[in-house]
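To start, the structure itself, in structure tokens.
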Amino acid sequence: MLNRLVTFADWRKFKEELTAELSKLYQPRTAEGVQREYIRSNEACRMLQVSIGTLHNLRAKNILPFTKIGGVVYYKVEDIKYVLDKHKK
1 MLNRLVTFAD WRKFKEELTA ELSKLYQPRT AEGVQREYIR SNEACRMLQV
51 SIGTLHNLRA KNILPFTKIG GVVYYKVEDI KYVLDKHKK
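Quick note, the sequence shown lines up with residues 1 to 89 if you use full-length UniProt numbering.
This is the structure in structure tokens:
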């Protein structure tokens, strides 16, 4: 087994590259690969990594804007990103 020394700079570069790649994969897309502007609750839960109950609480507290059409709730991807950035620590 070969041992290699990894510097903090190497680790940071790897982390940034991995984060960028995961961000690309995590974007909601249609079958044609086009990014959608609005997504449903299940996709919003995955993006935010929260349960459906927590998502409902975010709506109820007016933290996350939404649109409801015929009983289906839609969220703007841009709004989800804004909420994530706003609550970043």
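Virtual Cβ for every residue (Gly too), placed ideally from N, Cα, C. Computed from a predicted structure; not experimentally measured.
Report the residue from Leu48, Leu18 and Gly53 whose alpha carbon sits nearest the alpha carbon of Asp85. Leu48
Pairwise C-alpha distance: Lys81 and His87: 10 Å
Cβ pair count under 8 Å reaching 3, the stretch 47-67 against the stretch 10-19: no
Who are the near neighbours of Asp68 in its chain, counting only those whose CB is closer than 8 Å to its CB and skipping five residues on each side? Note on identity: in this sequence residue 68 is Lys, with Asp being the wrong assignment. Closer than 8 Å at Cβ, skipping near neighbours: Tyr74.
Are the CB atoms of Val77 and Arg46 within a distance shorter than 9 Å? No, the Cβ-Cβ distance between Arg46 and Val77 is not below 9 Å.
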